Structures are given as structure tokens and as C-alpha cells.
Amino acid sequence: MRALWKKNGITVLLLLAGVVFLLLFPVLGDDLYLLTVFSIALMYSVYAASWDLLSGYTGKENFGHAALVAIGAYSLGIISQSTPLQPILSIPLAGILSIVWGILIGIPTLRLKGPYFALATLAVASIMEKLTLSFSEVTGGEEGLYGIPFLAQDFVPSYYFVLLFAILSIGFLFFLGRSNFGLTLKSIRSDEDAARAVGISTTRYKVTAFAISAGFAGMTGAISGHYYGFVGFDMVFPLSLNIIILSVVGGLGGILPAALGAFFLTYLTELLREFGEFNQLIYTGILMVVVLVLPHGVFNLLGDFLRRGRKHGVTGR
Amino acid sequence: MIQSLLVNGTINSSIYALIALGFSLTFGVAGIVNLYHGAYYMVAAYLAFTFVRINIPLWLAALLSLVGVSFLGAMMMKYPILYLKKKGENIYMLIFTLGAAYMTQFLFKLFFGARMYALPPFFNQSIQVGSETVPGPRVFAFLVAVASIVGVLLFINKTSIGKKITATSQDSYAAELVGINTQGIFIITSAISALLAGIAGIVISPYLSISPTMWLPTLIKAFAIVIFGGLGSITGSIIAAFLMGYLESFIALTWTSSMTEVAFLAVVFLFLIVKPSGILGKKTV
Amino acid sequence: MALLAVENLHKQFGGLTACDHVSFSVERGERFGILGPNGAGKTTLFNLITGFIRPDSGSVQLQGKPLTGMKPEHISSLGLVRTFQIVKPFKGLSVFENLKVPTLSPRMRKRLKGEREREKWIETIADLSDLKAILQEKVDELPHGYLKKLEVAKALCIQPEIVLLDEPFAGLTSSEIQPISTVIQRANEKNGTTIVLIEHRLKEFMQLVHRIIAIDYGQKIAEGTPGEIVRNPLVVESYLGKGGADLVGP
């Protein structure tokens with residue numbers, strides 16, 4: 110913690126200011142529209158952070174993160190058709206189910222390298238997507254499933270619920286990433302054989318990372334179901350691509366850059382909403398530019414800049 | 146029923162083989178998994194459609210579109226892909242090519258809308274195979290696909306550029322040492338890959354629809370076939386394309402056509418887990 | 051009992067016999083060398099011993115415990131560690147972090163309790179391998195000589211019984227070799243780590259090792275002290291045709 114503060118003082122201050130702003134926002138004004146935008150942006154931040162823990166840290170590009178979100182969201186949606194589930198029950202349930210799913214899928218697929226793993230996860234997500242459409246009597250098909258209890262009666266408590274969840278989740282993932290566990294994941298990304306050669310059971314680490322990643326994706330899926338009171342096809346399956354864009358634009362391998370990227374890009378998308386069709390084009394355009402020009406992501410770069418700026422300040426340069 | 150399975154399966158398989166061949170070639174030669182590959186297929190179809198709409202004769206429209214898509218293939222390799230390859234950031238290569246494909250989709254949706262189009266048929270004489278009547282456009286697609294595959298294989302095995310391509314695929318470093326311009330070979334290979342996908346996109350357009358989302362299922366199938374056959378193995382890809390084509394037709398006939406993709410993907414997924422190196426692949430996974 | 055006993059190890063790749071019924075044993079505290087021309091199967095031998103490739107037949111025992119069929123990470127956790135000829139630093143991480151990864155293996159988790167002990171141990175190894183001054187630097191910018199040293203230091207960080215070093219001097223100038231050679235000697239003499247070494251740089255190699263086996267075409271063709279090996283006609287024929295003068299010289 111102290112090292113974090115010493116090296117990244119300005120960044121930490123800025124982040125704290127951001128959190129304080131988000132906490133006070135409902136008190137300062139009653140802009141319900143922005144409140145909703147922030148809520149959605151916060152959920153996307155957790156998606157991006159959870160993707161980053163596996164894909165950014167170990168280099169295993171999950172091209173089907175939506176499959177994990179789907180487990181959480183649809184289990185809530187389907188159960189709610191007969192028994193309305195309250196968030197207090199559904200969120201841990203979604204977490205557990207998606208962790209189990211993550212382990213089941215992770216064990217066979219995480220042995221695969223680069224593009225093979227990407228294809229395997231893409232295949233799983235596509236299969237689930239097709240099945241969701243085919244079994245519409247269970248999943249609601251393109252219409253989706255309604256009748257899910259809301260997070261809270263009002264916008265403001267819903268917002269605080271999401272905010273708290275996002276802060277706790279991203280915080281947890283961030284410190285996990287900085288821990289010895291995160292270090293081991295990074296060693297796997299750099300060279301898996303070298304990690305095995307010094308006694309690291311890489312499979313166990315990768316599967317654990319996938320399970321944790323899945324757990325947060327699933328819980329967030331359930332929360333978004335409660336937030337809208339609805340679970341639908343278009344809410345879940347386009348996420349596979351969107352989450353990759355959000356995380357890559359923010360920056361990989363540090364949790365916070367990916368989460369910040371997701372937050373600001375989602376906010377930007379809302380601002381650009383009036384451009385309608387151009388929206389998605391701008392979105393992918395930003396991705397292309399970032400990959401080519403700033404491959405380490407906008408917020409990784411900003412963090413480096415602030416760190417360097419401070420160093421320069423100290424030495425009086 | 147078996148006749149129908151064989152006929153439809155063979156036609157579909159030949160198209161899959163054509164698309165997968167290009168995907169496999171780019172990987173085998175340049176070591177690049179190009180997720181933009183499905184987009185070449187779509188771009189060619191839309192280009193040909195646009196040319197036809199401005200009253201260019203069908204055959205010329207097809208030809209122009211193929212020139213265009215080959216050029217696009219060359220440019221994709223020359224600029225962004227080789228740039229990213231030099232930086233050695235593989236994770237960004239997949240993301241970039243996938244993102245570019247989505248961008249193309251959004252662009253086309255903007256220009257052409259979400260509605261579906263078709264090209265007029267190149268050849269409209271249906272043919273009787275046993276008890277099965279095969280419509281002309283399908284016959285044409287099959288013949289062109291087979292001719293293109295044979296043509297490319299001959300090109301690779303017989304011409305001097307083809308031999309340079311083979312040398313580069315075996316060891317690009319060594320190829321460079323003996324004076325082969327490997328960057329140039331990568332670009333030519335990418336143009337050929339795009340051309341093959343483009344041919345497929347054009348010949349299917351008279352009987353399947355042209356839409357801005359047509360690239361993704363095609364890409365997934367090509368990717369799956371190539372991995373199923375062994376990434377980088379051309380023979381493996383062709384065999385895998387036929388296995389998967391027949392499987393699809395079988396499921397469409399005996400069960401439902403809406404489940405063909407699921408079955409296809411499930412088989413590939415299981416295969417990845419059991420034997421990730423594919424039918425004929427080297428054991429590198 | 052020998053520390054490492056390799057018996058009848060055999061591996062075929064298609065028509066190529068990469069390792070042909072090779073047997074040898076290494077005693078605790080030894081510096082043991084494996085000699086052979088390029089493509090003789092030395093690296094394959096390391097891969098077979100450390101579990102990266104499975105042998106067709108034969109066995110490997112560490113302190114009498116059979117290792118055959120075990121995964122590389124379990125073998126290294128038992129104290130048999132290898133390095134790679136082409137260095138494999140963990141890119142994007144600092145030297146300190148590179149050395150920390152081995153301490154997170156189950157073997158070292160048992161031996162080092164908590165971050166404090168871990169840090170102290172890393173410093174000990176950094177001291178031994180002359181890396182202390184650059185502990186906080188990112189490995190991406192280090193010169194090759196340091197990466198070679200780091201490769202050895204990473205292996206030492208797991209407090210091994212025995213280290214297999216795959217050409218630790220390859221690609222280095224003579225002035226860069228001495229520091230690594232010193233590190234290897236120190237690890238052997240101070241920590242009692244047994245060393246098995248593959249090397250092409252004959253001069254340095256011969257000075258460093260106590261005992262040698264020579265292989266060619268996957269087969270063991272000779273065994274003995276450096277002095278005996280250089281006079282072995284089979285070895286001279288297979289290997290030293292070109293490099294003979296180099297060897298007999300000093």
C-alpha cells in the first residue's frame with residue numbers, strides 16, 4: 110500500500126476524487142439520466158476488469174466473455190420465471206454457477222495456446238448464443254425474460270448498490286492483480302514453459318484466474334438483470350466484443366486501466382448516442398487507432414505519465 | 146436422401162474448403178491468424194453487387210470485385226498486420242483483425258442497410274445428379290471452387306513464386322537468408338487468401354444472401370475447419386472442410402438446419418480438447 | 051546412491067532417434083558435463099529428464115525417486131531444475147519479480163514463510179549471482195549477459211538439489227563468460243548445488259566440470275574426466291574434428 114502511494118500519489122488522489130464524486134453525485138444533483146449512464150458504465154467496468162484478470166494477465170484472450178455473463182444473467186432470468194429471486198440470493202448464486210462453469214470450461218481449454226484458446230471460447234459463446242435463440246421457450250429468445258425483481262425501488266439506491274459492488278469488485282481484482290497471484294499470472298503470460306520450469310503449476314493458476322474472472326462476470330450479469338428487471342439476448346451476447354474493446358482501449362494487465370477505459374468509453378458512447386448508426390463505427394474506429402498507436406491503452410499511458418511527471422517534479426526538472 | 150446429403154454436402158464443402166484454404170495459407174506462410182478473413186468474403190460480395198447495380202456486366206463486376214478484394218488483402222498485410230507483427234504483440238493482432246472486421250460490418254450496414262441482397266446467377270441451367278436436381282448457381286459455385294483450389298495448389302507447387310511461398314512457410318528466417326523477400330511473399334499470400342475468400346463470397350451470392358453480418362459465421366467456420374484440419378496444413382484443411390460440410394448436411398437433413406452451426410462448433414470444440422493439433426497438424430499446441 | 055540416475059532413456063521422433071538408450075548418473079556436489087556436437091540430442095536429453103518431453107522408455111530417478119511421467123512443474127518442485135538455451139526471462143517484470151516467481155512454487159512456499167523471508171532469500175540469490183545492483187530494473191532492457199545470469203539465478207531461486215544448465219555461455223563474449231562461470235562455481239561450492247552442464251564453449255566447459263559424458267546421434271559414446279575425454283578417439287572423431295586443437299591446447 111505504501112509503495113503504491115509513493116510511486117503513484119497523483120493517480121491515487123485522482124482515483125479517490127473520482128470515487129468521492131461518484132458517491133456524492135446523487136446528493137449534488139438529480140440528473141436521473143446521468144445516474145443511469147453511470148450505473149451502466151460501472152457494470153461495464155466490472156466486466157472489463159474481470160476480463161483483464163484472465164486475458165490481460167495471462168495473455169489468454171477470452172473471445173467469449175459473454176458466455177460467462179450469460180450464465181449469471183440467464184440463471185437469474187430463468188429461475189425468476191417461477192420464483193422471483195432477490196439480489197441477496199441471486200448474486201451469490203450467479204457467482205457460484207459461473208465459477209463452476211468457468212472451471213468446467215477452463216480445465217480443457219486453458220491448455221490451448223493463443224488463437225486456439227480464442228477459438229474455443231468463441232465457439233462456446235456462439236453455441237450458447239445459438240441455443241438461446243433456439244430454445245426461446247426457456248430463454249425468451251430475442252424477446253428476453255421479464256419479471257425479474259428490481260435492485261431497489263428507486264434509481265438512487267440502485268445506483269449506490271451498483272457503485273458499491275463495482276468499487277468492491279474492482280478493488281478486489283486490482284489487489285489480486287498486484288499480489289503474488291497476479292505476479293504468477295504475468296509470468297505465465299510471458300513464458301509458460303519458463304514458469305513451469307521453476308515449479309509453477311500453471312494450469313492451476315490459469316483455471317483459478319478463469320474461475321474468478323467468470324465469477325465476477327456472472328455476478329455482474331445477475332446485477333444487470335436486476336437493474337433492468339429484464340434479461341435479453343442483445344444485452345448479453347454482443348458483450349464478447351464490447352468487453353474486449355473497452356479493456357484494450359483502457360489498457361491491459363493492470364485491472365484499473367481496463368475498468369477506467371470501460372467507464373469512460375461507455376460514457377462516451379452515451380454522449381455519442383445521437384449519432385445513432387455512426388456510434389458503433391466510432392467505437393471500432395477508436396479500437397483500431399488505440400491498437401495501432403497506443404497498444405498499451407489510454408489509461409496505462411496516463412498512469413505512466415503521471416508517475417513520470419511526479420518524478421520530474423521531485424528532481425526539479 | 147443419401148444422394149441429397151452427398152450432393153449438398155459436396156457443394157457446401159467445396160466452398161468451405163475454398164475459404165479455409167486462404168485462412169490456412171496466411172497462417173502457414175506468415176504465422177498470422179487473420180480474423181479479417183471472413184470480411185474479404187463479404188467485401189467481395191458487396192463490391193460485385195455494387196458494380197452490378199451501376200450497370201456493369203455481371204462477369205466484369207465479379208472480376209473487378211476480385212481485383213479489389215485482392216488489393217485489400219495485400220494492403221491489410223502490408224500496413225497494419227506487418228506493423229503489428231513486427232511489434233510482436235500477438236494479442237493485439239487478433240483484436241485488431243477482429244475489430245477491423247466488425248468495423249467493415251458497421252460500415253456496410255450504414256451504406257447498404259441491414260437488408261439482404263443477392264447477385265444475379267452466373268449460370269442458370271440446373272443439372273440432374275441421380276434423383277437430385279441441382280440448381281445452376283450451386284453447380285457453378287462448386288465448379289469454380291474446385292477450379293480455384295486446384296489452381297492455387299498448382300500455383301504453389303509449380304511456379305517460382307509458389308516455391309518461394311513454400312520456402313517462406315517452412316522457415317521464413319532461412320528464406321530471408323537465401324534472398325527471398327519474405328515481406329513481399331507475405332503480401333502476395335495475403336492477396337491470394339483474400340482472393341480465395343472473395344471468390345467464395347461472389348459465387349455463393351446468387352443463392353445465399355449478402356448481408357453485413359455474413360462474415361462472422363463464415364469466419365468461425367473457416368477458423369474451426371483450419372484448426373480441425375491442423376493449423377497451417379493445407380491438405381488437412383481441405384479434408385476437414387469436407388468432413389464438416391457433410392456433417393452439416395447430415396444434421397440439416399436428419400434433424401434441423403438451425404442446429405447445424407451448433408453441431409459444427411460442438412464437434413470442433415470437442416476436437417480442440419481431445420486433439421488440439423488437428424487431423425494433420427504438427428504437435429505444437 | 052547417486053543424486054540423479056538416468057537409465058536407458060530412449061526417445062524416437064519419427065525416424066530420428068534423438069536419445070538412444072542413454073544411461074549415466076550424477077553424484078551429489080558434482081559438476082557434470084554433457085558434450086556433443088550440434089544436434090547430438092543434448093537438449094532433448096534435458097527435456098526428457100525434466101518432463102518437458104516424455105521418453106518412450108527408460109527411467110530417471112532423483113535420490114532414488116522415479117520422475118518418469120511427472121510434469122515439469124512437479125519435477126522442478128522436487129529440486130531438479132533446468133535453464134533454457136534461449137533465455138526465457140519473464141518480460142515486463144523487474145529482476146526482483148523474475149526471481150520472486152520461483153519462490154512462489156510449492157517447494158519454496160514450504161521453505162519460506164511470508165514476504166520477509168522471501169525477500170531475504172531473493173537478495174541472497176541476487177548476491178550470489180551478482181544481480182543485486184539491478185534488482186529493480188525491468189528485464190526488457192537488460193543486456194544479454196545479464197539475462198544469461200538471470201536465467202541461472204531463477205533456477206537457483208528454487209533452492210535446487212541439482213541444476214541442469216543448457217549452454218549458459220552461448221552467445222556471450224569471453225569477458226561475459228567469466229562472471230557466469232563464477233556464479234555457477236559459487237552455487238556449487240557455497241550452496242552445494244549439483245550442476246549438470248551442456249556447453250559448446252569447450253575451454254570454459256573443460257575448466258568447470260569434473261566429469262563428462264559425450265553423446266553423438268543420441269548415443270552415449272564416452273564417459274570420463276575432461277582429460278580422459280579429450281583423448282578418447284570416438285569423441286575426437288565425432289566432435290573434435292574441427293575443435294580439437296582448441297581443446298587440447300591449454
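Quick mapping for you: the protein sequence lines, in order, are chains A, B and C. Just so it is clear: in the first sequence, position 97 is 206 by this note's numbering, and no numbers are missing. Just so it is clear: in the second sequence, position 201 is 346 by this note's numbering, and no numbers are missing. Just so it is clear: in the third sequence, position 181 is 231 by this note's numbering, and no numbers are missing. All C-beta atoms, glycine included, are put in the ideal place defined by N, C-alpha and C. From a predicted model like this one, the values you see are computed outputs, not experimental measurements.
To which residues of the same chain is Q62/C closer than 8 Å at the C-beta, ignoring the five residues directly before and after it? In the third sequence, the residue the question calls residue 62/C occupies position 12. If we look at Q62/C and ignore the five residues flanking it on each side, its Cβ neighbours are A68, D106.
When you compare only the Cα positions, how much space is there between I418/B and S296/A? For this step, residue 418/B is matched to residue 273 along the second sequence. For this step, residue 296/A is matched to residue 187 along the first sequence. I418/B and S296/A: Cα-Cα distance of roughly 24 Å.
Residues in its own chain within less than 8 Å of L205/B by CB, not counting five upstream and five downstream? Reading the second sequence from its first residue, position 60 is the one you call residue 205/B. Only F196 meet the Cβ criterion.
Based on Cα-Cα distance, which residue from Y191/B, K230/B, I147/B, L392/B lies nearest to F256/B? Here residue 256/B is taken as the residue at index 111 of the second sequence, counted from 1. When only C-alpha atoms are compared, the closest one is Y191/B.
Mind listing which residues of the stretch 201–225 of chain B have their C-beta closer than 7 Å to chain A's C-betas, in chain order? P225
How would you call L284/C, buried or exposed, if buried means at least 16 neighbouring beta carbons within 10 angstroms? Looking up residue 284/C in the third sequence gives position 234. Exposed, since its Cβ has fewer than 16 Cβ neighbours within 10 Å.
Just to confirm the assignment, what range does the beta strand (DSSP E) spanning D266/C have? Indexing the third sequence from 1 puts residue 266/C at position 216. Looking at the DSSP string, the run of the beta strand (DSSP E) that includes D266/C is 261–266.
Terminal residues of the beta strand (DSSP E) in which I248/C lies: The sequence position of residue 248/C within the third sequence is 198, counting from 1. It spans 244–248 - the beta strand (DSSP E) in which I248/C sits, taken as one unbroken run.
Is DSSP giving Q262/A helix, strand or coil here? Translated into positions along the first sequence, residue 262/A becomes position 153. Of the three classes helix, strand and coil, the one that applies to Q262/A here is coil, per DSSP.
Counting only C-beta atoms, is S76/A closer than 8 Å to chain B at any point? Because chain A here runs from 110 to 426, residue 76/A falls outside it and cannot be looked at.
Please classify G299/C: does DSSP put it in a helix, a strand, or coil? In the third sequence, residue 299/C corresponds to position 249, counting from 1. Legend: pLDDT at G299/C = 44, less than 50; position of this residue unreliable, value from coordinates given subsequently. The answer is coil: DSSP assigns G299/C none of H, G, I, E or B.
Nearest-angstrom beta carbon gap, A203/C and A176/C [assumed within contact, 8 Å]: Position 126 of the third sequence holds residue 176/C. Position 153 of the third sequence holds residue 203/C. Yes, they are in contact, since the Cβ atoms of A176/C and A203/C sit about 7 Å apart, within 8 Å.
Excluding the 5 residues preceding and the 5 following E273/C in the sequence, name in chain order all residues of the same chain whose CB lies nearer than 6 Å to its CB. The sequence position of residue 273/C within the third sequence is 223, counting from 1. Correct list, in chain order: I263.
Which residue or residues does DSSP assign as beta-bridge partners of R132/C? Position 82 of the third sequence, counting from 1, holds the residue named residue 132/C. DSSP lists L214/C as partners of R132/C.
Three-state class that DSSP yields for K150/C in the structure shown: Mapped onto the third sequence, residue 150/C falls at position 100. The answer is helix: DSSP assigns K150/C an H, G or I state.
Does any residue of chain C bring its CB to less than 8 Å from the CB of V307/A? Looking up residue 307/A in the first sequence gives position 198. At least one chain C Cβ lies under 8 Å of V307/A.
Under a Cβ-count criterion, where at least 16 other Cβ atoms within 10 Å of its own Cβ denotes burial, should V323/B be classed as buried or exposed? For this step, residue 323/B is matched to residue 178 along the second sequence. Exposed, by the Cβ-count rule.
Please decide whether S155/C counts as near chain A, where near means a Cβ-Cβ distance under 8 Å. As a first step, residue 155/C must be located in the third sequence, where it is residue number 105. Closer than 8 Å to some Cβ of chain A, the Cβ of S155/C qualifies, so yes.
Same chain, Cβ closer than 6 Å to F331/B, five either side skipped, listed in chain order: Translated into positions along the second sequence, residue 331/B becomes position 186. Correct list, in chain order: A175, M222.
Cutoff 8 Å; reference N7/C; Cβ partners in own chain excluding five residues on either side: Chain C is shown from 51 up to 300; residue 7/C falls before or after that span and cannot be answered.
Rounded to whole angstroms, what is the Cα-Cα separation between Y268/A and P152/C? Residue numbering aside, residue 268/A sits at position 159 when the first sequence is read from its first letter. Residue numbering aside, residue 152/C sits at position 102 when the third sequence is read from its first letter. Roughly 44 Å between the two C-alpha positions.
Proximity below 8 Å, CB of A263/B to CB of P357/B: Position 118 of the second sequence holds residue 263/B. Position 212 of the second sequence holds residue 357/B. Cβ distance not < 8 Å, so A263/B and P357/B don't count as in contact.
Beta-carbon contacts of N179/B that lie in its chain and below 6 Å, excluding the five residues immediately before and after: Looking up residue 179/B in the second sequence gives position 34. Closer than 6 Å at the Cβ level, and outside the excluded window around N179/B, lie T171, T242.
Closer than 7 Å by beta-carbon distance: list the chain A residues that pair up with S335/B, in chain order. Working through the second sequence from its first residue, we reach residue 335/B at position 190. Simply none; closest approach about 17 Å.
Report the residue from V233/C, L53/C, L95/C, L149/C whose alpha carbon sits nearest the alpha carbon of G129/C. What you label residue 129/C is simply residue 79 of the third sequence in a count that begins at 1. Comparing Cα-Cα distances from G129/C to each of V233/C, L53/C, L95/C, L149/C, the minimum goes to L53/C.
Check this for me: beta carbons of L396/A and G244/B, under 8 Å apart or not? As a first step, residue 396/A must be located in the first sequence, where it is residue number 287. As a first step, residue 244/B must be located in the second sequence, where it is residue number 99. In this structure, G244/B lies closer than 8 Å to L396/A by Cβ.
8 Å Cβ cutoff met for F387/B and S149/B: Your numbering for residue 387/B matches position 242 in the second sequence. Your numbering for residue 149/B matches position 4 in the second sequence. No, these two residues do not count as a Cβ contact at 8 Å.
Within this structure, are the beta carbons of T94/C and D216/C separated by less than 8 Å? By one-based count along the third sequence, residue 94/C stands at place 44. By one-based count along the third sequence, residue 216/C stands at place 166. No, Cβ-Cβ distance for T94/C and D216/C is not below 8 Å.
Against chain B, which members of the stretch 391–409 of chain A pass a CB distance test of less than 7 Å? T393, G394, L396, M397, V400, L401, P404
Beta carbon proximity, V407/B to chain A, threshold 8 Å: Taking the second sequence and counting its residues from 1, one reaches residue 407/B at position 262. Judged by the 8 Å Cβ criterion, V407/B is in contact with chain A.
Output needed in chain order: residues of the stretch 223–242 of chain A with a Cβ under 7 Å from some Cβ in chain B. G223, P224, Y225, A227, L228, A229, L231, A232, V233, S235, I236, K239, L240
Opposing strand residues paired with I272/B [DSSP bridges]: By one-based count along the second sequence, residue 272/B stands at place 127. According to DSSP, I272/B bridges with V279/B.
Other residues of its chain near L365/A: CB distance less than 6 Å, five sequence neighbours each side excluded: Position 256 of the first sequence, counted from the start, is the residue given in the question as residue 365/A. Taken in chain order, the residues that qualify are F283.
Residues of the stretch 136–150 of chain C whose Cβ lies closer than 7 Å to any Cβ of chain A, in chain order: K138, F140, K141, G142, L143, E147, K150
Quick one: which residues of the stretch 241–271 of chain A get their C-beta closer than 7 Å to a C-beta of chain C? List them in chain order. none
Proximal residues, the stretch 99–111 of chain C versus chain A, C-beta separation under 8 Å: T100, F102
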